[in-house]
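S.K.:
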Amino acid sequence: MKDDLGRRFKRDYEDALRLFLPRRAYVVIRIDGRGFHKFTEDLERPYCRALADALDRAALYLCQEMIGCRFAYGQSDEYSFLLTDFEREDSALWFDGNVQKIVSVSASLFTAAFNRAADSKKLAAFDSRVMVISQRAEVERYFLWRQLDASANRLNVLTLNRTLARLRTARASATGEKLASLNDLAADLITPPIRYSKPELQAHIAYLYTLTNATDQKIGRDAIERYKVLRKALDERIAQLNRILGADK
Ligand SMILES: Nc1nc2c(ncn2[C@@H]2O[C@H](COP(=O)(O)OP(=O)(O)OP(=O)(O)O)[C@@H](O)[C@H]2O)c(=O)[nH]1
Ligand SMILES: [Mg+2]
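Take the sequence shown: its letters are residues 1 to 249, numbered as in my numbering.
This is the structure in structure tokens:
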């Protein structure tokens, strides 16, 4: 009777949602800190070495626990892992590709290891998602996308915001020729809040940022080229601002 009940529950409920990954494909697992805007509010920004170290330790631990893990890349509050199961005829796939096992165990192992490594009174939690990518070139683009998210746009947006804040403060007290130079620079940097105005550097950077943050967009090398152009333009404006105001402290 007890065994019948168990079999029935397994068959009718548990097995109904038991999903398996296809074999011999690239598997990417991404772990992401839950509500880390809150968890990191007292940490150094934009980059906290201790946080990165704890994430690295958790990632190393998870790499060792997962079967077939080949590569990992982390930035901000996230880590992505690449798993493969096609090197040999008998290569295994972690948990035989059982999706619920993979996402729940990866999240819990990473969470446990991170909390052990982090010197924090707060308890951190991480979510996990798994995806299957059939083409190698798409896997490369995936990691490029996460890398771009880290290095290019965060830096661009942070630098841009800082520059705009400096410009705003300086314009509030400047007069005469200095004010005129600052106004010229502002016109070049800021899109005026009127319809049909020519989008200036701020709008271009904001656009690239939304593009690389939209998870359904594929990011290719053109986005990286675009970043380089925008970064150069932004650096030129910063140099101009420094000539007017003196170097930023
Ligand atoms: N101070 C500080 N904050 C960081 C650092 N790295 C990442 N963060 C913060 O971590 C957060 C990561 O953002 P998201 O993953 O998009 O958002 P989240 O608040 O974690 O929300 P969910 O992931 O949706 O649960 C951002 O708020 C970053 O500012 C760091 O080195 N220092
Ligand atoms: Mg997060």
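Glycine included, each C-beta is placed from N, C-alpha and C at the ideal position.
For GLY33, which beta-bridge partners are listed by DSSP?
M.R.: PHE126
S.K.: Are the beta-carbon atoms of LEU245 and ALA170 separated by less than 9 angstroms?
M.R.: Yes, these two residues count as a Cβ contact at 9 angstroms.
S.K.: Look at the Cβ atom of ARG141, then the Cβ atom of ASP248, and state whether they are nearer than 9 angstroms.
M.R.: no
S.K.: Within 10 angstroms of its Cβ, does GLY97 collect 16 or more other Cβ (buried), or is it exposed?
M.R.: buried
S.K.: Label THR175 either buried or exposed according to how many other C-beta atoms from any shown protein chain fall within 10 Å of its C-beta, with 16 as the threshold for buried.
M.R.: Looking at its Cβ environment, which holds fewer than 16 other Cβ atoms inside 10 Å, THR175 is exposed.
S.K.: For the alpha helix (DSSP H) containing TYR47, list its first residue and its last residue.
M.R.: In the DSSP assignment, TYR47 falls outside any alpha helix (DSSP H), carrying neither H nor E.
S.K.: Look up GLU14 in the DSSP assignment and say whether it is helix, strand or coil.
M.R.: Helix.
S.K.: Please confirm whether GLU138 has its beta-carbon closer than 9 angstroms to some beta-carbon of chain B.
M.R.: This model lacks chain B altogether, as it is built from one protein chain only.
S.K.: With respect to 8 angstroms, is the separation between the Cβ of GLY35 and the closest non-hydrogen atom of ligand 2 below this value?
M.R.: yes
S.K.: Which complete alpha helix (DSSP H) runs does the segment 109-188 hold, if anything under 4 residues is left out?
M.R.: 136-148 and 154-173
S.K.: Check whether the Cβ of GLU78 lies closer than 8 angstroms to any heavy atom of ligand 2, and answer yes or no.
M.R.: yes
S.K.: Between SER128 and PHE110, is the Cβ-Cβ spacing less than 9 angstroms?
M.R.: yes
S.K.: Helix, strand or coil for GLY97? Go by DSSP, reduced to three states.
M.R.: helix
S.K.: So, do the segment 8-15 and the segment 52-60 have three or more beta carbon pairs nearer to each other than 8 angstroms?
M.R.: Below 8 angstroms, too few C-beta pairs join the segment 8-15 and the segment 52-60 to call them touching: fewer than three.
S.K.: Could you check where the beta strand (DSSP E) with ARG70 kicks off and where it finishes?
M.R.: 69-75
S.K.: Nearest CA to the CA of ASN159: which residue from ALA239, ALA172, ALA118 and LYS122?
M.R.: One detail in the question is off: residue 159 reads as Thr in this sequence, not Asn. Comparing alpha carbon positions, the residue from ALA239, ALA172, ALA118 and LYS122 closest to THR159 is ALA239.
S.K.: Starting from LEU21, follow its DSSP beta bridges and name the residues at the other end.
M.R.: Beta-bridge analysis with DSSP links LEU21 to no other residue.
S.K.: Helix, strand or coil for GLU200? Go by DSSP, reduced to three states.
M.R.: coil
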